[in-house]
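If you're matching positions, the sequence shown starts at 510 in the numbering used here and goes up one per residue.
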Amino acid sequence: MTASAQSASGTKTIFHDLSLTVRGGDVVDLIGPSGSGKSTLLTTLAQLNPHATATMRLDGTDAGGMTPERWRRLVAYLPQRPTLIGETVRDAILLPFTLKVHQKDDQGNPVNEPAPGEDTIRRTLDRVGCGDIELDRSPQDLSVGQQARVCMLRTLLTRPRVMLADEVDAGLDDENANKVGEILAYAAGEGMAIIRVRHRPADGRATRTWRLADGALTELEAHEAHRHEQADRAAMDAEGKGDQL
Numbered sequence: 510m511t512a513s514a515q516s517a518s519g520t521k522t523i524f525h526d527l528s529l530t531v532r533g534g535d536v537v538d539l540i541g542p543s544g545s546g547k548s549t550l551l552t553t554l555a556q557l558n559p560h561a562t563a564t565m566r567l568d569g570t571d572a573g574g575m576t577p578e579r580w581r582r583l584v585a586y587l588p589q590r591p592t593l594i595g596e597t598v599r600d601a602i603l604l605p606f607t608l609k610v611h612q613k614d615d616q617g618n619p620v621n622e623p624a625p626g627e628d629t630i631r632r633t634l635d636r637v638g639c640g641d642i643e644l645d646r647s648p649q650d651l652s653v654g655q656q657a658r659v660c661m662l663r664t665l666l667t668r669p670r671v672m673l674a675d676e677v678d679a680g681l682d683d684e685n686a687n688k689v690g691e692i693l694a695y696a697a698g699e700g701m702a703i704i705r706v707r708h709r710p711a712d713g714r715a716t717r718t719w720r721l722a723d724g725a726l727t728e729l730e731a732h733e734a735h736r737h738e739q740a741d742r743a744a745m746d747a748e749g750k751g752d753q754l
């Protein structure tokens, strides 16, 4: 896969000819310096980046053999800022199941993807540490941490094959960040592949670590991952202090 970005000075290549494989049950931490293209990589995988080209296969099926909507239903992208629409948390969770991609296949034939029932939603919320979230509450009344967890739960219930989490624990306190990590670990335990961009210290849940820097993607051993994570966080902290001066 290759991706570029447009700027006033012209076109800049973010990365070129990257190759990667991820398997069900993987929890991949994607790390690297600020601006190295981590979010760009995720949006490329989700077919959401108009400035990227990629040859991708999912369970042996080429991405070109399905509509972009079908691909995104199976390769789900979670942005950093949660978005919940509906009068209640229940409405927000069930919203995806009202979309055409969950009701018909690419040929227009009905598919068997029923919306989860009340008991399933409640049981799943409780199982992933969201027992403090009432289904009848307005999503706007939830804390940022609760909204992040509901967004992840909603995606979990749609059963994608791959979940792309783009700094979904950024800005959360340690408790909520840990709960987000628990949800991702649960999803991986159910056979989902997880790729998550994060800048927090390692939480022990990743099974693999990739580092994107200078247009190259490298898989790291555990001791290398820890060293690079510390260096990248230190660089980000230094940039943040510089912005404040």
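All residues carry an ideal CB built from backbone N, CA and C; glycine is no exception.
If you draw a straight line from the C-alpha of Ala-563 to the C-alpha of Pro-669, how long is it?
20 Å
Do the segment 584-602 and the segment 659-674 touch if we need at least three Cβ pairs shorter than 8 Å?
yes
Enumerate in chain order the residues of its own chain whose CB-to-CB distance from Ala-744 is below 8 Å, with the five nearest sequence positions on each side excluded.
Pro-542 and Ser-543
When Leu-665, Ala-512, Thr-718 and Arg-709 are compared against Asn-685, the one with the closest alpha-carbon
Arg-709
Ser-516: first and last residue of the uninterrupted beta strand (DSSP E) it sits in:
511-516
Taking a contact to mean a Cβ-Cβ separation below 8 Å, would you say Ile-704 touches Val-537 in this structure?
yes
Decide yes or no for the touch test of the segment 707-724 against the segment 688-696: beta carbon pairs closer than 8 Å, at least 3 of them.
yes
Could you give the C-beta distance for Val-620 and Asp-614, rounded to a whole number, given that I count them as a contact under 8 Å?
5 Å
Express the C-alpha separation of Ala-514 and Glu-699 in angstroms, rounding to a whole number.
36 Å
With a CB to CB cut of under 7 Å and the five nearest residues on each side skipped, what residues in its chain are close to Val-637?
Leu-662, Glu-691, Ile-692 and Tyr-695
Looking only at its chain, what residues have a beta carbon closer than 7 Å to the beta carbon of Arg-717, apart from the 5 residues adjacent to it on each side?
Asp-535, Val-537 and Glu-728
Coil, strand or helix - Ile-692 by DSSP:
helix
Is DSSP giving Glu-733 helix, strand or coil here?
helix
Count the other CB atoms within 10 Å of the CB of Ser-516; is the residue buried (16 or more) or exposed (fewer)?
exposed
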